Structure formats: structure tokens, C-alpha cells
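Student:
Protein chains: 4
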Amino acid sequence: MQIRVYYEDTDLGGIVYHANYLKFCERARSELFFEKGLIPLDGNRSFVVTKIEANFLGSANLADMLSVTTKVLQTKRLSITLLQEVYKDETKIFSAIIKLAYLDNGKPIIIPQNQLDILKGDN
Amino acid sequence: MQIRVYYEDTDLGGIVYHANYLKFCERARSELFFEKGLIPLDGNRSFVVTKIEANFLGSANLADMLSVTTKVLQTKRLSITLLQEVYKDETKIFSAIIKLAYLDNGKPIIIPQNQLDILKGDN
Amino acid sequence: MQIRVYYEDTDLGGIVYHANYLKFCERARSELFFEKGLIPLDGNRSFVVTKIEANFLGSANLADMLSVTTKVLQTKRLSITLLQEVYKDETKIFSAIIKLAYLDNGKPIIIPQNQLDILKGDN
Amino acid sequence: MQIRVYYEDTDLGGIVYHANYLKFCERARSELFFEKGLIPLDGNRSFVVTKIEANFLGSANLADMLSVTTKVLQTKRLSITLLQEVYKDETKIFSAIIKLAYLDNGKPIIIPQNQLDILKGDN
């Protein structure tokens with residue numbers, strides 16, 4: 138997944154505002170759903186981020202094209218843990234381990250297999 | 138209503154990103170509801186912006202304290218038009234005429250008097 | 138220019154937050170520069186928005202693919218006026234007349250011809 | 138530090154978008170500078186986030202008043218580690234360990250004592 142850096146993504150330091158990397162990761166997760174003609178929301182059910190361990194390794198500037206990779210690290214009944222990384226050309230500039238729960242009306246439930254499969258990039 | 142300029146509000150030009158002035162105006166409208174212990178959402182009903190005429194007259198920097206003024210220009214059955222202005226100290230840096238409709242489940246309805254009164258700053 | 142609607146673009150009304158249409162227009166203007174291998178910033182010089190007349194004609198939801206069109210309405214020595222419109226499929230959902238000035242270190246200067254040409258989509 | 142939740146902070150799930158908690162923490166760090174009449178930027182020098190371990194423990198809605206606490210966990214020559222937490226009334230809804238480096242023109246340098254003192258809330 139390719140992401141262009143626009144004015145709105147930068148701050149007065151001239152580079153991408155740090156919290157925006159989490160947006161880029163969320164975009165990449167959503168694209169996994171969009172690719173299947175789905176949205177990451179099934180009625181009152183959706184994934185939510187419960188934990189993030191993020192390392193900011195580099196910076197990005199206006200006009201940069203970034204790419205986001207997504208890899209499943211672990212799946213449990215009530216959570217799935219992803220490794221999401223942002224690259225500028227060949228350089229890794231952001232890396233995060235992101236744990237998601239699946240909520241139904243705000244309460245965690247067992248993650249349905251079809252939802253897991255989407256995040257795994259499977260059919 | 139006072140608004141502090143944070144990193145997130147700026148862009149690489151070093152000043153407040155232009156679209157954020159619309160956020161500041163929306164915050165000021167929302168505060169009129171919050172002051173009454175209400176939210177600007179009544180079930181499926183809420184105001185939506187239908188038209189904006191905005192003039193960008195100056196700029197704002199990190200740490201600036203801005204103030205937003207709100208004045209009703211016109212009320213009709215299906216719309217209310219506000220003048221919202223952003224000041225940095227005594228200097229007007231943004232001015233917008235903002236027209237709102239009131240939607241029920243996405244369809245415009247006659248604006249309830251109590252909702253009008255809130256935007257007018259009346260009881 | 139195609140724009141995907143992500144979670145971050147929506148608000149609790151379930152649709153794209155109104156101020157974000159201005160971001161989408163700015164992205165489209167920036168892409169005109171990126172296409173030429175340039176950025177919309179030349180040292181201390183850049184375009185800034187001075188006036189916007191915007192009409193919000195429809196709404197957009199998560200996963201929607203939007204397209205933004207840009208057309209030059211008028212060029213003067215110190216300003217250029219664009220018509221930018223956002224479409225969801227064939228439906229126009231946002232239309233704005235956007236006036237830009239060209240600033241050098243914060244002061245308006247005559248817009249260089251090469252900068253005008255970029256916004257016009259010319260060589 | 139008190140933070141009001143506005144429309145712009147929410148997403149279509151009806152609650153605060155997860156990445157925005159990092160913005161709230163950044164606002165709280167910036168306020169420590171503003172309180173002293175300073176900004177978190179000293180020429181080409183500023184703090185940057187290098188690592189975040191965040192736990193999302195609850196949710197926040199439109200109109201909620203949140204408070205952010207900031208506590209220094211550890212200081213080293215090249216980094217300072219903070220614990221920042223977001224509360225909704227008495228309930229902790231977000232907690233993050235945030236590591237900052239101090240950059241001069243993009244390169245890490247020893248954090249000046251006066252900058253450390255600001256984040257510590259000292260004179």
C-alpha cells in the first residue's frame with residue numbers, strides 16, 4: 138500500500154507529525170477489507186486497537202511516497218497482533234506491533250474466522 | 138472561546154493549516170451546546186454545514202491563543218447563517234459566513250426553535 | 138485524482154468531516170506539483186489560500202473512492218482562482234471556488250509564470 | 138491539563154479516533170513549555186518521539202472532558218521517558234510510556250538541562 142505525504146500530514150518541524158503514522162497503519166488495515174469489497178465494520182462489530190508498541194526510526198517529508206507492510210504476528214481467541222512497518226524507499230522509518238481486539242457493541246468477543254482471514258490477507 | 142495552537146494544527150509552512158480554521162469554528166459552535174449540558178447531536182438529528190464563504194486574513198503560530206466569535210446573521214425555516222471569526226489578540230485572522238441546515242436522518246427539516254436558541258446563545 | 142475515505146476522515150456522524158474536503162482539494166493541488174517532480178513550496182515561497190466559497194452538496198462514507206477535479210477560473214498578477222470539485226462516482230458532493238495568493242516569506246508577490254503553469258496543468 | 142472532545146476527534150465508531158490520544162499527550166507536553174512562556178522548539182532544536190508503548194483502556198465520546206497527566210519515568214543523556222495518561226473523570230482510558238530524544242537539525246544531542254527541567258515541571 139502506497140501513501141503520499143501531503144501538507145496536512147506535516148507539522149512545523151517540516152516532517153510527518155508522529156501520530157500520523159498510526160493513521161497510515163490504520164489505512165493499510167482498512168485496505169485489506171476494501172480489497173475484498175468489505176469495510177472494517179460489520180454492523181456494531183469492529184476491530185479496535187488495544188495496544189501499540191511503536192518505534193520511530195526515521196522521518197518523512199512532503200511529497201514522499203511511503204509504503205506500509207502488514208504481517209500477522211499472533212492470533213488468539215480475543216486478539217490479533219500485527220507488525221506494521223512504514224518504508225520510505227528501502228528505508229524503514231516506522232515499526233509498530235499493534236494488538237487488536239474485536240468488539241461487538243463495545244464488548245470484546247471471539248474474533249470471527251472470516252475477519253481474521255482478512256487481516257491475514259487470506260481468502 | 139479560547140483555542141491554543143498545538144503542533145498538530147501547524148503544517149510545514151510553520152503556521153496553522155488552513156482547513157483547521159473550520160475545525161476551530163466547529164469547536165466554537167459545539168461549545169454553545171456543551172455550555173447548556175447538551176451535545177450538537179439529538180439522536181439522528183444534527184446541524185450540518187451546507188455553505189462556507191471564508192476569508193483567510195492572517196496567520197497563527199504554535200502557542201498562539203486564538204479566540205473564536207460566533208454571531209447569527211440570519212435564520213430561515215431550513216437554515217441558519219452564522220458569522221464566525223477567529224482573532225489572534227486584537228487581530229482578525231479568519232472570517233467565515235457559515236450556513237447550516239438541520240438534518241434528520243440525512244434529510245433537511247425545519248430547525249427546532251430550541252436548537253436555534255442554542256446557536257443564538259439564548260436560553 | 139482519486140482519494141479513498143478512511144476512518145480518520147469520518148466523524149461520529151458516520152460521514153466525512155466537512156473540513157476534510159479542503160484537505161482533499163489541497164492534495165489535488167499538490168499532486169499537480171508532484172506530477173512534475175516538484176513540491177508546492179519553493180524555498181520560502183508558496184501558494185496560500187486566501188478565500189474559499191464552498192458548497193457541501195452531498196456526503197461520503199468510509200471506503201468511498203472520491204475524485205477531485207481542478208480547473209483554473211481566473212488568473213491575475215497576485216492571485217489565481219480555481220474551481221475544485223469532489224465527486225463520488227458521477228455525483229458532485231462538494232464544490233469550491235478557491236483563491237490563492239503567492240507568498241514570499243509571508244508577503245504576496247506576483248505569481249511566477251512557471252508556478253501558474255503548474256496549477257493550469259500546462260507544461 | 139483539560140481537553141474537550143470535539144467532532145473532529147471522533148470517528149464513525151462514535152468515539153475518539155485512537156491516534157488522537159497521541160495528539161492529546163503532545164498537547165500536554167507542549168503546555169509545559171507554554172506555561173513558562175516558551176515553545177517546544179528552540180531554533181532547530183526540539184524533542185521528538187522515538188518510542189511509544191501505549192495501552193488503550195477505554196473510550197471517550199463527544200463533549201467528554203479529558204485530563205492528561207505527565208510524569209517523568211527516566212532521564213538519560215540522550216533520552217527522557219515519560220508516562221502520560223488520559224483520564225475521563227476518575228477512569229484511566231489511555232496510558233503510554235513515551236520516549237523522547239532531543240534533536241539539533243535532525244541529529245540527537247545531549248538534552249539540555251533547562252529543557253529537561255521543563256518536562257519535569259521544575260523551574
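Chains as they are written, first to last, in this note's numbering: chain A, 138 to 260; chain B, 138 to 260; chain C, 138 to 260; chain D, 138 to 260. All residues carry an ideal CB built from backbone N, CA and C; glycine is no exception. Computed from a predicted structure; not experimentally measured.
Along chain A, which residues have their Cβ under 7 Å away from the Cβ of D:I189?
Tutor: Here the neighbours are I189 and A191.
Student: Round the Cβ separation of B:M138 and B:V205 to the nearest angstrom and send it over; I've been treating them as touching at under 8 Å.
Tutor: Going by Cβ atoms, the distance from B:M138 to B:V205 rounds to 5 Å, so yes, they are a contact pair.
Student: Please identify, using Cβ separations under 8 Å, the residues of the region 225-236 of chain C that lie next to chain B, in order along the chain.
Tutor: So nothing in the stretch comes that close.
Student: Put D:I246 into one of helix, strand or coil per three-state DSSP.
Tutor: In this structure, D:I246 counts as coil in the three-state DSSP scheme.
Student: Can you tell me whether C:E227 is helix, strand or coil according to DSSP?
Tutor: Reduced to three states, the DSSP call for C:E227 is coil.
Student: Taking only the alpha-carbon atoms, compute the straight-line gap between B:I246 and A:D146 and give it to the nearest angstrom.
Tutor: If I take the Cα positions, the gap works out to 37 Å.
Student: How many angstroms separate the CA atom of C:S183 from the CA atom of A:G151?
Tutor: Distance between the alpha carbons of C:S183 and A:G151: 14 Å.
Student: Measuring alpha carbon to alpha carbon, tell me which residue in A:I189, A:V153 and A:P177 is nearest A:Y239.
Tutor: Comparing Cα positions, the closest option is A:P177.
Student: With 16 other CB atoms within 10 Å as the buried threshold, where does A:T228 fall?
Tutor: Exposed, since its Cβ has fewer than 16 Cβ neighbours within 10 Å.
Student: Using the beta-carbon of each residue, which ones in chain C are nearer than 8 Å to A:K213?
Tutor: Going along chain C, no residue has its Cβ under 8 Å from A:K213, so there is no contact; the nearest lies around 24 Å.
Student: If the criterion is Cβ atoms closer than 8 Å, does the pair A:F231 and A:L194 meet it?
Tutor: Closer than 8 Å, so yes.
Student: Which one or two residues does DSSP pair with B:D241 in a beta bridge?
Tutor: Paired residue(s): B:R182 and B:K244.
Student: Using a Cβ cut-off of 7 Å, which residues of the region 143-171 of chain A contact any Cβ in chain C, in chain order?
Tutor: Here the close residues are Y143, Y144, E145, K160, E163, R164, S167 and F171.
Student: Taking B:S167 as part of the alpha helix (DSSP H), name the residues at either end of that continuous run.
Tutor: From DSSP, the alpha helix (DSSP H) with B:S167 extends over N157 to F171.
Student: Express the C-alpha separation of D:L237 and B:V185 in angstroms, rounding to a whole number.
Tutor: Spanning the two alpha carbons is a distance of roughly 40 Å.
Student: Distance check for C:I189 and C:I248, CA to CA, integer angstroms please.
Tutor: Those two C-alpha atoms are separated by around 19 Å.
Student: Is the Cβ-Cβ distance between A:E163 and C:Y144 less than 8 Å?
Tutor: Result yes, Cβ atoms of A:E163 and C:Y144 sit closer than 8 Å.
Student: Could you tell me the distance, in whole angstroms, from the CA atom of B:N242 to the CA atom of B:L219?
Tutor: For B:N242 and B:L219, the distance between alpha carbons rounds to 23 Å.
Student: Using a Cβ-Cβ cut-off of 8 Å, state whether B:A200 counts as contacting chain D.
Tutor: Yes, B:A200 lies at the interface with chain D (some Cβ there is under 8 Å from its Cβ).
Student: Any beta-carbon of chain D closer than 8 Å to the one on A:V186?
Tutor: A:V186 counts as touching chain D.
Student: Quick one: which chain A residues come within Cβ less than 9 Å of D:S183?
Tutor: Going along chain A in sequence order, the residues near D:S183 (Cβ under 9 Å) are G150.
Student: Can you find a C-beta in chain B that's less than 8 Å from the C-beta of D:L253?
Tutor: Output row for D:L253: interface = no.
Student: Could you give the DSSP three-state label for A:K257: helix, strand or coil?
Tutor: Correct three-state label for A:K257: helix.
Student: Please list the partners that D:I140 has in chain B, where partner means a Cβ-to-Cβ separation under 9 Å.
Tutor: Going along chain B, no residue has its Cβ under 9 Å from D:I140, so there is no contact; the nearest lies around 10 Å.
Student: Going by Cα to Cα distance, which pick from A:D226, A:K225, A:H155 and A:I140 is closest to A:N192?
Tutor: When each option's Cα is compared against that of A:N192, the closest is A:H155.
Student: Buried or exposed for D:Q211, going by 16 or more other Cβ atoms inside 10 Å?
Tutor: Classification of D:Q211: exposed, given that the 10 Å Cβ count is below 16.
Student: Out of D:N157, D:S167, D:L149 and D:K244, point me to the one whose CA is closest to D:L203's CA.
Tutor: Of the listed residues, the one whose Cα sits closest to D:L203 is D:N157.
Student: Report the rounded CA-to-CA distance for D:D148 versus A:N251, giving the unit in angstroms.
Tutor: Rounded to whole angstroms, D:D148 to A:N251 spans 24 Å at the Cα level.
Student: Would you mind telling me which residues of chain D sit closer than 7 Å to B:L256, beta carbon to beta carbon, in chain order?
Tutor: Residues of chain D passing the Cβ test: none, with the nearest at roughly 15 Å.
Student: So which residues of chain A does C:L203 contact, with C-beta pairs closer than 9 Å?
Tutor: None at all; the shortest Cβ gap to chain A is about 13 Å.
Student: Do B:R141 and B:T207 have their C-beta atoms closer together than 8 Å?
Tutor: No, the Cβ-Cβ distance between B:R141 and B:T207 is not below 8 Å.
Student: Quick check: what's the CA-CA separation for D:I217 versus D:D254?
Tutor: If I take the Cα positions, the gap works out to 11 Å.
Student: Please report the straight-line C-alpha distance between A:L199 and C:L175, rounded to a whole angstrom.
Tutor: Looking at the two C-alpha atoms, the distance is approximately 10 Å.
Student: At a CB-CB cut-off below 8 Å, which residues of chain D make contact with B:I217?
Tutor: Those do not exist, as B:I217 stays about 17 Å from chain D at its closest Cβ, beyond 8 Å.
Student: Should C:L178 be flagged as near chain A, meaning a C-beta pair shorter than 8 Å?
Tutor: Answer yes: the Cβ-Cβ gap between C:L178 and chain A drops below 8 Å somewhere.
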